[in-house]
Amino acid sequence: MTGMINNVSLEQAAEIAIQQATSQGASAAEVGVSHSNGLSVTVRQGDVETLEHNNDTGLAVTVYFGQSKASASTSDLRSEAIADTVKAACGIAKHTQSDACTGLADSELMATEFSDLSLYHPWDIDPEQAINIATECEQAGFDVDNQISNSEGASLSSHQGGRVYANSHGFVGSTTSTRHSLSSTFIANDDRGMQRDYWYDIARDATDLESAKHIGQRAAQNTLRRLNARTMTTGTYPVIFASEIAPSLFGQFIGAIRGGALYRKSSFLLDHLDKKIFPEFMHIYEQPHLLKGIGSAMFDGEGVATHARDIVCNGVLQGYVLDSYSARKLDMATT
816 MTGMINNVSL
826 EQAAEIAIQQ
836 ATSQGASAAE
846 VGVSHSNGLS
856 VTVRQGDVET
866 LEHNNDTGLA
876 VTVYFGQSKA
886 SASTSDLRSE
896 AIADTVKAAC
906 GIAKHTQSDA
916 CTGLADSELM
926 ATEFSDLSLY
936 HPWDIDPEQA
946 INIATECEQA
956 GFDVDNQISN
966 SEGASLSSHQ
976 GGRVYANSHG
986 FVGSTTSTRH
996 SLSSTFIAND
1006 DRGMQRDYWY
1016 DIARDATDLE
1026 SAKHIGQRAA
1036 QNTLRRLNAR
1046 TMTTGTYPVI
1056 FASEIAPSLF
1066 GQFIGAIRGG
1076 ALYRKSSFLL
1086 DHLDKKIFPE
1096 FMHIYEQPHL
1106 LKGIGSAMFD
1116 GEGVATHARD
1126 IVCNGVLQGY
1136 VLDSYSARKL
1146 DMATT
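Residue numbers (the working numbering): 816 to 1150.
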């Protein structure tokens, strides 16, 4: 996959959108413009099952008239198309209900430092090379044991993209990033039936990915471990959770501390700040400036500067996950 991401044209599109919004009477506006391209391939049973290229562009603008807002989007970045999109948003906003908590994030919170977090590492890979890597990955899994009876495929993807966020505070922030992944899934049989499992790796830099052979072997080994399962008698037992289920476990927790769930009073962690919710050994923290981090960013989706912080310390809940709207609803500060 080749081709550089040009954020200059994205910034120009964002500036046009903001100018159009203010000229049409909007009291505030924000816009996100993005472009991405990439390659995805899946090989199953040694045959190419899918081979896809994508090349996507989009602009989404939100306009505010006082405390009424509306949004519109387009995939056309020509000036006249942007003007039409902004006009549509402005027309809708004049008919939406006012909300005292709506609006841009406060201007003093906007990011002013834009360090290079090493998020952009394009991979010069063509379809034939991608197919060969996926084929190697799948074959490595089949070679582990003859109990591996089938495959749901090995998949490789490589994508790069640029994004610009701008608002009428005068903030303009841009990022370019890449994301590469390789995965495989296998099926194994025993007397009790079929079991399936998988393994994958994802990285900003393709050179940081685990090898195709390792991913295929690990996926097969995970599948084989599911065979010959035994029932247990009722009792109390220590449990060790496999690392790969951590996202689903902690995803439930993160969902419960998000602003939307809190101000709607649909979270079991409402009013639990500074209360113990985990064992004392539990420490959960946010590090948004890790080099090559999948979730790293110098600013969030509203232009607010990101900071390292504790979410849980010694089992005690230290903070929620709030955007500016939910923070205002809760009379708190955006995180």
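Backbone N, C-alpha and C define an ideal beta-carbon position, used for all residues, glycine too. The structure displayed is predicted, hence computed values, not measured ones.
C-alpha distance - residue i paired with residue j, whole-angstrom precision
i     : j     : result
G1108 : F957  : 32 Å
T817  : E826  : Any answer about T817 is weak, because its pLDDT of 48 lies below 50 and its placement is not dependable; what the coordinates show is given next. Computed Cα separation, rounded: 22 Å.
L1085 : I1072 : 8 Å
A836  : G1066 : 37 Å
F986  : V848  : 14 Å
G1134 : Q975  : 33 Å
A1057 : A1076 : 28 Å
A829  : L919  : 16 Å
T1000 : N1037 : 9 Å
S966  : Y879  : 51 Å
I1017 : T1048 : 39 Å
R859  : I1055 : 33 Å
C1128 : E928  : 27 Å
L924  : Q1010 : 50 Å
A915  : S970  : 47 Å
F1083 : S888  : 35 Å
D1146 : S1063 : 29 Å
A904  : S824  : 22 Å
K1144 : E845  : 20 Å
S838  : K1080 : 39 Å
Q912  : E1025 : 51 Å
H850  : G977  : 5 Å
Y935  : I946  : 23 Å
H984  : N870  : 31 Å
D1125 : V863  : 45 Å
For residue i, the three-state DSSP class (helix, strand or coil)
i     : result
D1012 : strand
A832  : helix
C952  : helix
T817  : Confidence in T817 is poor, its pLDDT being 48 and thus under 50, which makes the residue's placement too unreliable to answer from.
N1152 : Nothing in the structure corresponds to residue 1152, since the chain is present only between 816 and 1150.
G1075 : helix
V1127 : strand
G1031 : helix
N947  : helix
G1116 : coil
A926  : coil
N1037 : helix
A915  : coil
S933  : coil
G847  : strand
S998  : strand
S989  : strand
I1060 : helix
G1070 : helix
S838  : helix
L825  : helix
F880  : strand
A1044 : coil
A1148 : coil
A1018 : strand
Endpoints, beta strand (DSSP E) assigned at residue i
i     : result
L971  : 963 to 982
D960  : Looking at the DSSP string, D960 is not in any beta strand (DSSP E), and its letter there is neither H nor E.
R1143 : First-last for R1143: 1139 to 1144, but that is the alpha helix (DSSP H), not the beta strand (DSSP E).
K884  : 883 to 889
E1025 : No beta strand (DSSP E) contains E1025, which DSSP labels as neither H nor E.
E1101 : 1099 to 1101
9 Å Cβ cutoff, residue i in contact with chain C
i    : result
A898 : In the structure shown, chain C cannot be found, because there is only a single protein chain.
Residues near residue i by beta carbon distance below 7 Å, same chain, minus five either side
i     : result
L866  : V856, P942
H868  : L854
V1136 : I1069, I1072, R1073, G1074, T1150
Q1102 : A1123
Y1140 : C916, T917
Alpha helix (DSSP H) segment containing residue i, residue limits
i    : result
I897 : 894 to 908
Spatial neighbours of residue i in its chain, beta-carbon cut-off 6 Å, leaving aside the 5 residues before and after
i     : result
V901  : A832, Q835, A836, V876
I907  : A885
A1148 : A1142
E951  : A1027
Other residues of its chain near residue i: CB distance less than 8 Å, five sequence neighbours each side excluded
i     : result
H1104 : S930, L932, S1111, M1113, T1121, A1123
D1089 : V1131, L1132, Q1133
L1106 : L932, S933
I813  : Residue 813 lies beyond the range of the chain shown here (816 to 1150); nothing can be said about it.
8 Å contact criterion, which residue i and residue j should meet: CB distance rounded
i     : j     : result
L892  : T917  : That pair is no contact at about 27 Å.
D960  : A1061 : In fact, because the Cβ distance is near 27 Å, the residues do not count as touching under 8 Å.
A1021 : H995  : 5 Å
S992  : Y1015 : Not confirmed; about 19 Å, so no contact.
A926  : G1118 : 6 Å
Residue i Cβ short of 8 Å to the ligand MG heavy atom set
i     : result
M1009 : No copy of the ligand MG appears in this structure; indeed no ligand is present at all.
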